[in-house]
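For reference, the structure discussed in these notes is given below.
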Amino acid sequence: MQGKQKKIFNKTALYVILALLALVWIVPVFTLVVTALKSKQDFYSGIGLFQLPENIAWGNFINAFTKGRLFTYMKNDLIVSGFKVPLGILVEALAAYALTRLNIKHKTGIFIFFLIGMMLPMQAALVPINIIYSKLNLLNTYFGLFYVYIGFGISFGILILRGFMKGIPKDIDEAAYLDGCNKWQMFLHVILPIVKPAIATLFITDFLSTWNEYLLASVIINDNAMKTVPVGLMTFVGEHGTDYGYLCAGVLIAIIPVMIVYLFFQRYFVEGMAGAVKS
Amino acid sequence: MKKRVKTNIGSYIFLMPALIIYLSVIVFPVFYSLYISLFKWNGIGDMEFVGLNNYINLFVSDPIFITALKNNIIWIVLTLVVTMTIALALAVMLNKQFKGRTFFRGFFYFPCVIAPIAVSIIWRWIYNPSVGFINEFASLLGLDFSQSWLSDPKVSIYAVFVAALWQAVGQPMILFLAGLQGVSTEVLEAAVIDGANGRKKFFKITIPLMKETFVIVIATLIVAAMKVFDVVQGLTGGGPNNATQMLSTYMYSQTFTYNNVGIGTAISCIMVIIMMLVIVPYVSFTAKDD
Numbered sequence: 001m002q003g004k005q006k007k008i009f010n011k012t013a014l015y016v017i018l019a020l021l022a023l024v025w026i027v028p029v030f031t032l033v034v035t036a037l038k039s040k041q042d043f044y045s046g047i048g049l050f051q052l053p054e055n056i057a058w059g060n061f062i063n064a065f066t067k068g069r070l071f072t073y074m075k076n077d078l079i080v081s082g083f084k085v086p087l088g089i090l091v092e093a094l095a096a097y098a099l100t101r102l103n104i105k106h107k108t109g110i111f112i113f114f115l116i117g118m119m120l121p122m123q124a125a126l127v128p129i130n131i132i133y134s135k136l137n138l139l140n141t142y143f144g145l146f147y148v149y150i151g152f153g154i155s156f157g158i159l160i161l162r163g164f165m166k167g168i169p170k171d172i173d174e175a176a177y178l179d180g181c182n183k184w185q186m187f188l189h190v191i192l193p194i195v196k197p198a199i200a201t202l203f204i205t206d207f208l209s210t211w212n213e214y215l216l217a218s219v220i221i222n223d224n225a226m227k228t229v230p231v232g233l234m235t236f237v238g239e240h241g242t243d244y245g246y247l248c249a250g251v252l253i254a255i256i257p258v259m260i261v262y263l264f265f266q267r268y269f270v271e272g273m274a275g276a277v278k279s
Numbered sequence: 280m281k282k283r284v285k286t287n288i289g290s291y292i293f294l295m296p297a298l299i300i301y302l303s304v305i306v307f308p309v310f311y312s313l314y315i316s317l318f319k320w321n322g323i324g325d326m327e328f329v330g331l332n333n334y335i336n337l338f339v340s341d342p343i344f345i346t347a348l349k350n351n352i353i354w355i356v357l358t359l360v361v362t363m364t365i366a367l368a369l370a371v372m373l374n375k376q377f378k379g380r381t382f383f384r385g386f387f388y389f390p391c392v393i394a395p396i397a398v399s400i401i402w403r404w405i406y407n408p409s410v411g412f413i414n415e416f417a418s419l420l421g422l423d424f425s426q427s428w429l430s431d432p433k434v435s436i437y438a439v440f441v442a443a444l445w446q447a448v449g450q451p452m453i454l455f456l457a458g459l460q461g462v463s464t465e466v467l468e469a470a471v472i473d474g475a476n477g478r479k480k481f482f483k484i485t486i487p488l489m490k491e492t493f494v495i496v497i498a499t500l501i502v503a504a505m506k507v508f509d510v511v512q513g514l515t516g517g518g519p520n521n522a523t524q525m526l527s528t529y530m531y532s533q534t535f536t537y538n539n540v541g542i543g544t545a546i547s548c549i550m551v552i553i554m555m556l557v558i559v560p561y562v563s564f565t566a567k568d569d
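Same order as they appear, the protein sequences are chains U and X.
Using my numbering, you'd call the opening residue of the first sequence number 1 and step up by one each time.
Using my numbering, you'd call the opening residue of the second sequence number 280 and step up by one each time.
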């Protein structure tokens, strides 16, 4: 009986702690939403943070989307991510395939060589990339941006895909070769379908990190028409620094796509990431 | 014999795209940075060879660089103590069996998916000294204070850290959850039979069994702490009066604001060297099972 009481007490304590923490966690989002609903006039009238305005300022959202160029920023980000993510995964999968299943020398050495890139700070490549890009006229281009993104994603992608591919039994290769598959057919029709879960996880984490990247984009892009969301948001802050309602509406719009992706594919993060690490 | 050589070359073709992109985006630029760091250069005019002077000057006569270095170390300590503890505590709670577990896991992880730049804009507003959330909340409770969080050099770095913490805690939490799931329940049950209580079980058995997870978490947290940029840049840009300057932000402003490209690249090379000190043991640990 006592044990059971203790169990109930423990469970209640757990819920209370988690609920309190969740309350603290939600503060930034709560602040963002209630502020986005207020117009500039509301702030002058001295409305409290926790009060709702009489008229919800939908204009904030419309202005942010059009005059604030958020539509352009989101379009650009979608194009860059749309190229970076599939191409990056293809390149990484090819390399991981070679590193796990093909007859090449120094596999571990090459793998470690690729791995180092994961820890290098982007800053170390920033100035040369800027110099080379300005010579090749690649500044302010989609290609310029997604090319460096692929480069900086390679290490992590190879790490994950190699881990998964290593787990596939070698018997499959033998069987496929006996059936007359060559290396490319084997890659496309045998290995890729098996590592689909890993590709799905990569697809989503890659999309988010590309969508959210700021440092490289801030150096490669300075034309307003080509900016991605994070760089655009900083421009947005520079232009409307004190109009917090408008600003928060912009941020809210900018993070809605990732919220949707997250809600739909949540299991790929929490379960997928854990699985990827274990392998 | 001949056939074998041919198949080998065919195998290397699979590696080529990744290798070419990796060499051109990362390897070559890093060495190029190293080269530039030996010059005094404004990015446009002639380059003047100065040897290691950029490095020496940074350490000997640049107090802002020293502040930045210190701040990175403070940041590492804060992440290892605060972020890691909270992440572990959350992971332990969310590893228990209860209704709503999946929801809470997803809930605490979700700030990780928001762009750090967006996070910094949100927190700027929370820290607003006159009408921000914290000071408004205090006045709601009847407390009369208005602290300026980001413009006070004494507290600004901690204020920035809290914003970063909110965003970053989900990642190590997931890693810890994965580690906890790897701890076999049989071992834990055996410990209970042997008379271990909850706390003892956790510190004497669970934690030692998660050694690998700890290595991964610590390494990734240190690397992330060395790299931290977006949140700081978005919240303070290194200010007030360089109080939140990090190596990354200082490199950025030296290079792109003040056009001291030689000094900027020297800072980035110092970042690489510090990272290497962390990476080499980590990589050898990761590759050990090969």
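Think of the CB as a built atom: it goes at the ideal place given N, C-alpha and C, for glycine as much as any other residue.
Residue j beta carbon less than 9 Å from that of residue i
i      : j      : result
F318/X : N336/X : no
F387/X : G324/X : no
A366/X : F440/X : no
K306/U : D206/U : The question about residue 306/U has no answer, for chain U in this structure spans 1 to 279.
L526/X : L348/X : yes
W404/X : L252/U : no
L233/U : A394/X : yes
T242/U : G153/U : no
P28/U  : W428/X : no
I158/U : F187/U : no
T536/X : I315/X : no
I191/U : I168/U : yes
V261/U : L216/U : no
Where residue i meets chain X, residues with beta-carbon distance less than 7 Å
i      : result
L18/U  : M372, F383
I154/U : A297, I300, Y301
V251/U : A397, I400, I401
E92/U  : A297
K11/U  : F377
Residues that residue i contacts on chain U, provided the C-beta gap is smaller than 7 Å
i      : result
W402/X : P28
G543/X : V127
S527/X : P121, Q123
K506/X : P121
Y311/X : P128
M587/X : Since the first and last residues shown for chain X are 280 and 569, residue 587/X lies out of range.
C-beta neighbour in chain A for residue i, strict 9 Å
i      : result
C248/U : Absent here is chain A; the protein component of the structure consists of chains U and X.
Under 8 Å from the C-beta of residue i: neighbouring residues of chain U
i      : result
D509/X : Y214, L215, P230
T534/X : L126, V127
M554/X : M119, L120, P121
Listed by chain order, chain X residues near residue i by CB distance under 9 Å
i      : result
I104/U : N287, S290, Y291, F293, L294
A22/U  : F383, F386, F387
F114/U : A297, L298, Y301
L14/U  : M372, K375, F377
I194/U : Those within 9 Å of I194/U in chain X number zero; the least Cβ separation is about 17 Å.
Y268/U : The contacting residues do not exist; Y268/U stays about 11 Å from chain X at best.
A198/U : Here the premise fails: no neighbours, minimum Cβ distance about 15 Å.
Y147/U : I300, S303, V304
Closer than 9 Å at the beta carbon, the chain U residues around residue i
i      : result
P395/X : N212, Y214, P230
G513/X : Y214, P230, L233, M234, V237
S463/X : Result: empty, since nearest Cβ-Cβ is about 14 Å, beyond 9 Å.
V494/X : Those within 9 Å of V494/X in chain U number zero; the least Cβ separation is about 12 Å.
Contact belief for residue i with residue j at Cβ below 8 Å, rounded distance in angstroms
i      : j      : result
V219/U : V540/X : At roughly 12 Å, the Cβ-Cβ gap does not stay under 8 Å, so V219/U and V540/X are not in contact.
V258/U : V392/X : 5 Å
Q524/X : N350/X : 6 Å
Y73/U  : V229/U : 5 Å
A442/X : V398/X : 6 Å
V195/U : P296/X : Not confirmed; about 18 Å, so no contact.
P432/X : P308/X : About 34 Å separates the two Cβ atoms, so there is no contact after all.
L102/U : F293/X : 6 Å
S547/X : S312/X : 6 Å
R380/X : L373/X : 6 Å
L400/X : G513/X : The question names Leu, but residue 400/X is Ile in the sequence shown. Confirmed, Cβ separation roughly 6 Å.
Contacts that residue i makes with chain X (C-beta to C-beta distance below 8 Å)
i      : result
W25/U  : F386, F387, P390, W445
I158/U : A297
A254/U : A394, A397
Exercise. Taking Cβ-Cβ distances below 7 Å as the criterion, which residues of the segment 441 to 458 of chain X are in contact with chain U?
Worked result: Listed by position along the chain: W445, I453, L454, L456, A457.
Exercise. Are the segment 111 to 120 of chain U and the segment 197 to 213 of chain U in contact at 8 Å, needing three or more beta carbon pairs?
Worked result: no
Problem set entry | Cβ-based contacts, 7 Å cut-off: residues of the segment 229 to 241 of chain U near chain X | V229, P230, L233, M234, V237
For this session: Determine, using beta-carbon pairs with one atom in the segment 167 to 180 of chain U and one in the segment 134 to 143 of chain U, whether at least three such pairs fall under 8 Å.
Result: no
Problem set entry | Residues within the segment 31 to 44 of chain U neighbouring chain X, beta-carbon criterion of under 7 Å | T31, L32, T35
Exercise. Are the segment 492 to 501 of chain X and the segment 357 to 364 of chain X touching by the rule of at least three beta carbon pairs closer than 8 Å?
Worked result: yes
Problem set entry | Selection of the segment 61 to 78 of chain U by Cβ proximity to chain X, strictly under 9 Å | none
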